[in-house]
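Asker: Chains as they are written, first to last, in numbering that gives the first Met the number 0: chain S, 0 to 224; chain X, 0 to 224. The beta carbon of each residue, even a glycine, is placed where N, CA and C say it ideally should be.
Protein chains: 2
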Amino acid sequence: MLNARRSTAGRRARTPDSDARGQLLDTAIALFAERGIANTTVAQVAAAGQVTSAMVHYWFDTREHLLDAVVEERLAPLFRAIWEPVDPERDAPLELVQGIVRRMLEVTGTRPWLPSLWLREIINEGGLLRERALRHIPIKRVQGFGQNIARGQARGELNDGIEPLLLFNSILALVMLPQAAARIWQRVHPTFKFDRAVLERHVCALLMHGIAGRPAKRRLSGATR
Amino acid sequence: MLNARRSTAGRRARTPDSDARGQLLDTAIALFAERGIANTTVAQVAAAGQVTSAMVHYWFDTREHLLDAVVEERLAPLFRAIWEPVDPERDAPLELVQGIVRRMLEVTGTRPWLPSLWLREIINEGGLLRERALRHIPIKRVQGFGQNIARGQARGELNDGIEPLLLFNSILALVMLPQAAARIWQRVHPTFKFDRAVLERHVCALLMHGIAGRPAKRRLSGATR
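(1) Quick check: the Cα distance between residue 123 (chain X) and residue 203 (chain X), rounded to an integer number of angstroms?
(2) Quick one: which chain X residues come within Cβ less than 9 angstroms of residue 56 (chain S)?
(3) Tell me whether residue 18 (chain S) is buried or exposed, calling it buried when 16 or more other Cβ atoms sit within 10 Å of its Cβ.
(4) Here's a check: name, in chain order, each residue in its chain whose Cβ is nearer than 6 angstroms to the Cβ of residue 163 (chain X), leaving out the five neighbours to either side.
(5) Strictly by DSSP, which residues pair up with residue 157 (chain S)?
(6) Could you give the first and the last residue of the continuous alpha helix (DSSP H) run that contains residue 172 (chain X)?
(7) So, does the CB of residue 42 (chain S) fall closer than 8 angstroms to a CB anywhere in chain X?
(8) I'd like the list of long-range same chain contacts for residue 218 (chain S), defined as Cβ closer than 6 angstroms, with 5 residues on each side in sequence excluded.
(9) Where does residue 43 (chain S) fall in DSSP's three states?
(10) Does the beta carbon of residue 96 (chain S) sit closer than 8 angstroms to a beta carbon anywhere in chain X?
(11) What first and last residue would you give for the alpha helix (DSSP H) that runs through residue 82 (chain S)?
(12) Is residue 139 (chain S) helix, strand or coil when you go by DSSP?
(13) Hey, would you say residue 78 (chain S) sits closer than 8 angstroms to residue 114 (chain S), going by beta carbons?
(14) Roughly how many whole angstroms lie between the Cα atoms of residue 60 (chain X) and residue 21 (chain X)?
(15) Can you find a C-beta in chain X that's less than 8 angstroms from the C-beta of residue 184 (chain S)?
(16) Going by CA-CA distance only, name the one from X:32, X:41, X:44 and X:172 that's closest to residue 181 (chain S).
(17) Relative to the C-alpha of residue 104 (chain S), which candidate in S:83, S:205 and S:195 has its C-alpha closest?
(18) Tell me the DSSP secondary structure of residue 189 (chain X) in three-state form.
(19) Check the Cβ of residue 179 (chain S) against every Cβ in chain X and list those closer than 9 angstroms, keeping chain order.
(20) Using a C-beta to C-beta distance shorter than 7 angstroms, which residues of chain X count as neighbours of residue 191 (chain S)?
(21) Hey, out of X:166, X:197 and X:99, whose CA is closest to residue 178 (chain X)'s CA?
(22) Could you have a look at residue 0 (chain S) and say whether DSSP puts it in helix, strand or coil?
(23) Name, please, each residue of chain X whose Cβ falls closer than 7 angstroms to the Cβ of residue 99 (chain S).
(24) Tell whether a beta-carbon distance below 8 angstroms holds between residue 141 (chain X) and residue 187 (chain S).
(25) I need the straight-line Cα distance from residue 167 (chain S) to residue 51 (chain X), nearest angstrom please.
(26) When we look at the beta-carbon of residue 92 (chain S) and count the other beta-carbons within 10 Å, is it buried (16 or more) or exposed?
(27) With DSSP collapsed to three states, give me the class of residue 109 (chain X).
(28) Applying the 10 Å Cβ sphere with the 16-neighbour rule, what's the burial state of residue 84 (chain S)?
(29) Helix or strand or just coil, what does DSSP make of residue 124 (chain X)?
(30) Spatial neighbours of residue 132 (chain S) within its chain, please: CB distance less than 7 angstroms, with the 5 preceding and 5 following residues excluded, ordered by chain position.
(31) Between residue 170 (chain S) and chain X, is there a C-beta pair that is closer than 8 angstroms?
(32) Please check the pair residue 237 (chain X) and residue 165 (chain S), which I expect to be a contact at CB under 8 angstroms, by giving their CB distance rounded to whole angstroms.
(33) So residue 65 (chain S) is in the alpha helix (DSSP H); what residue range does that whole segment cover?
(34) I need the DSSP call for residue 204 (chain S), collapsed to helix, strand or coil.
(35) Counting only beta-carbon atoms, is residue 33 (chain S) nearer than 8 angstroms to chain X?
(36) On the three-state DSSP scale, how would you describe residue 148 (chain S)?
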């Protein structure tokens, strides 16, 4: 470990070598998503980025600061992109849900590493980005989302079998897991070709119809219409 | 590594020490779910099970055979429990879905390690149980499930925005991810207490209503059939 020449990650993001630094950050993220952070050494990051380990230390100081940079410079902007347009006080519940799904799919479209990294390093027990990521989750807005759904139920607009505090989890699961599982799923269904547009249509159809209205019968058994 | 005294895992499952062996297998699985297989050594498994590493080798021979035993003796029976009651030729689509959800929740109720292990070691790229688990997925039945849903759509009984080949993935995501994420979710929503019965009600409400019938509007960007 080198001495801490800078106290936070990203200090060098404005220097002339910021492109090379950013590329190395992206290389590190791709490796982390593929094999897990715990299984990836700084030397492997350097080799994959075709730089020396000393360069990795020059740009990111310690391994811990590299992980800070992953969250602050790559994950946190995505959280903001997903959540900032949300106004839980004003938005209609179905628009709100559809907006979150659309933006979540947009950010995964350009960051194919996101679903694996999210499942592995944030959701999983022991995930190495969990604590860092928690600091960037807009908790008030996430809580406001749950309240928005609950108000929609109280007005009789939404399926009252839905648990408002679980709905965001369900959206995340429906969008992220099939992308992380695309390769194994293709082994089960050889004719299946993963397609983000198909996933979007499927998830929106399930959620919009699943959340809207009330089930015809009060119970799950045969909620046919 | 010891010599291969036995060629497959589980050879000793019928010997008098099978209880102790089974307990050690359960200890290993709990560790694997918590910290990942790649981050768990045989010595750590032995220590957690309060036996010597030599005993682990005596019962399971190599680390690879220990992983075989995890899949063959613990995971494969759960796959069978979930899928064997399914008859894709005869079952009505909604009953079929509800049965899968119910059985999936049943098996996770008594195996709290299952959601994490599933996400981390089967779904994830590089998951160390993926290839082994694939051999136990009843592929014909899983494919039959997709065909059953497609026939339900063709009969006009089901939401035609659903993609039949993605539906099982969605069920798995809705049931497993919130359980694996329960602890982090509680940090976001401190008032939230995870409860499997609440999850079951929520998932069934979303799925039964989401799959049934046709979307009220033709929307969702061309839900063509």
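Answerer: Quick look at the numbers:
(1) 26 angstroms
(2) The premise fails here: residue 56 (chain S) is roughly 24 angstroms from chain X at the closest Cβ pair, so nothing lies under 9 angstroms.
(3) Per the 10 Å Cβ criterion, exposed.
(4) 145, 148 and 149
(5) S:211
(6) 163-179
(7) no
(8) With a pLDDT of 40 at residue 218 (chain S), under the threshold of 50, the modelled position of this residue cannot be trusted; read the value that follows with caution. The answer is none, since no qualifying residue turns up.
(9) Helix, per DSSP.
(10) no
(11) 75-82
(12) Reduced to three states, the DSSP call for residue 139 (chain S) is helix.
(13) no
(14) 14 angstroms
(15) yes
(16) X:172
(17) S:195
(18) Residue 189 (chain X) falls in the coil class under three-state DSSP.
(19) The answer, in chain order, is 118, 122, 123 and 124.
(20) 164
(21) Among X:166, X:197 and X:99, the Cα nearest to that of residue 178 (chain X) belongs to X:197.
(22) In this prediction, residue 0 (chain S) scores a pLDDT of 36, lower than 50, which makes its location untrustworthy; the coordinate-derived value is nonetheless stated afterwards. Three-state result, residue 0 (chain S): coil.
(23) In chain order: nothing, as chain X lies at least about 15 angstroms away.
(24) yes
(25) In a straight line, the C-alpha of residue 167 (chain S) is about 45 angstroms away from that of residue 51 (chain X).
(26) If you draw a 10 Å sphere on the C-beta of residue 92 (chain S), you find 16 or more other C-beta atoms in it, and that means buried.
(27) If DSSP states are grouped into helix, strand and coil, residue 109 (chain X) belongs with the helices.
(28) So residue 84 (chain S) counts as exposed.
(29) coil
(30) 70, 74 and 121
(31) When Cβ-Cβ separations below 8 angstroms define contact, residue 170 (chain S) makes no contact with chain X.
(32) Absent from the model: residue 237 (chain X). The displayed extent of chain X is 0 to 224, so no value can be given.
(33) Per DSSP, residue 65 (chain S) belongs to the alpha helix (DSSP H) from 62-68.
(34) In the structure shown, residue 204 (chain S) sits in a helix (DSSP, three-state: H, G or I).
(35) yes
(36) In the structure shown, residue 148 (chain S) falls within a helical segment according to DSSP collapsed to helix, strand and coil.
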